[in-house]
Amino acid sequence: MFRLWIPGHYLAVALGLLAFTGPGSAESTSPPVGPIGVVELFTSQGCNSCPPADAVLGELAARDDVVALAYHVDYWDYLGWRDALASPANSERQRRYAGALQRASVYTPQAIVNGRRDMNGADRGRVTSTLEALAGTVDGLQVDISLKDRGDTIVVNVGSIPEALKGESVNAHLVFVDYTPQRTVEIRAGENRGRSIQYRNAVNRIQTIGMWDGAAKSFEMPKAELVQKGNGCALLLQRVDKDGRPGAILGAFAMNPGDGGL
13 MFRLWIPGHY LAVALGLLAF TGPGSAESTS PPVGPIGVVE LFTSQGCNSC
63 PPADAVLGEL AARDDVVALA YHVDYWDYLG WRDALASPAN SERQRRYAGA
113 LQRASVYTPQ AIVNGRRDMN GADRGRVTST LEALAGTVDG LQVDISLKDR
163 GDTIVVNVGS IPEALKGESV NAHLVFVDYT PQRTVEIRAG ENRGRSIQYR
213 NAVNRIQTIG MWDGAAKSFE MPKAELVQKG NGCALLLQRV DKDGRPGAIL
263 GAFAMNPGDG GL
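Take a look at the structure:
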């Protein structure tokens with residue numbers, strides 16, 4: 013069964029990156045990447061309904077055409093096991109999604125596809141069919157994101173709003189997500205006591221690095237920030253509402269340790 017929690021308030025975190033425009037030389041450029049969608053799973057090691065969803069997320073993380081992210085929440089820690097991968101920021105993101113999607117509460121395991129539709133994260137068929145249904149439509153990932161290497165600096169290039177969406181008011185954030193690609197946890201208490209579970213793409217931090225209004229724009233960040241200590245990273249171009257709550261994801265880019273191009 014689902015685990016329910018009541019939504020609260022959102023804390024925005026900003027990373028000090030410098031947005032700029034204009035061409036420049038680059039040592040190397042990563043080509044535009046075209047994932048078909050983004051799946052964000054809200055999960056907990058203290059929830060006995062979550063392991064099947066963790067397995068689905070693991071399958072998606074192994075695909076080259078999906079950005080799959082696992083946000084471990086901390087509100088079930090009182091059940092007897094403190095989730096080693098959880099953070100209050102992950103719980104806050106889910107609560108803000110609940111407000112944006114007009115949900116009365118949050119639950120685990122919850123999957124959200126492209127910031128638009130939510131469902132039981134253990135329902136493999138529904139998650140994958142939703143990804144496929146949104147791919148290539150106006151509700152899919154319509155904006156290209158690519159990277160350029162300038163020595164110690166990485167330039168993130170975000171494309172312009174596509175023709176199909178022109179005329180709409182656009183208020184979006186470019187969001188940086190740092191995650192651990194793989195970790196196995198021995199759970200010694202709580203509902204999953206005695207289980208050894210492998211987790212994929214567990215989010216460590218999520219930070220807004222700039223604003224986007226529909227025009228092509230570039231952002232600069234230190235290369236050291238991109239992939240740290242063997243971690244992976246993702247960039248999400250995501251609409252926000254007037255209250256700063258997360259909405260539709262318009263573009264995405266992900267890179268794991270060992271990926272070429274940078």
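Using the numbering used here, the letters of the sequence shown map in sequence onto residues 13 to 274.
Glycine included, C-beta positions come from ideal geometry on N, C-alpha and C.
The secondary-structure analysis by DSSP pairs Tyr-211 across a beta bridge with Arg-195.
Annotation for Pro-269: Pro-193, Val-239, Gly-242, Asn-243, Gly-244 place their beta carbon closer than 8 Å to its own, counting only its chain and skipping 5 residues before and after. In the three-state DSSP reduction, Asn-126 falls in the coil class, being neither helix nor strand. For Ala-80, the three-state secondary structure derived from DSSP is strand. Setting aside the 5 residues that flank it on each side, Ile-124 is surrounded in the same chain by Glu-52, Tyr-109, Asp-130, each with a C-beta closer than 7 Å to its C-beta; the list follows chain order.
For Pro-258, the secondary structure class from DSSP, reduced to helix, strand or coil, is strand. Distance between Leu-69 and Tyr-191, taken at the CA atoms: about 14 Å. Residues of the same chain with a CB within less than 8 Å of the CB of Leu-249, apart from the 5 flanking positions on each side, are Val-155, Ile-157, Val-170, Ala-184, His-185, Leu-186, Val-187, Trp-224, Ile-261, Leu-262, Gly-263, Ala-264 in chain order.
For the 8 Å CB-CB criterion, Ala-80 and Asn-216 do not form a contact. When beta bridges are read from the DSSP output, Gly-244 appears opposite Tyr-191.
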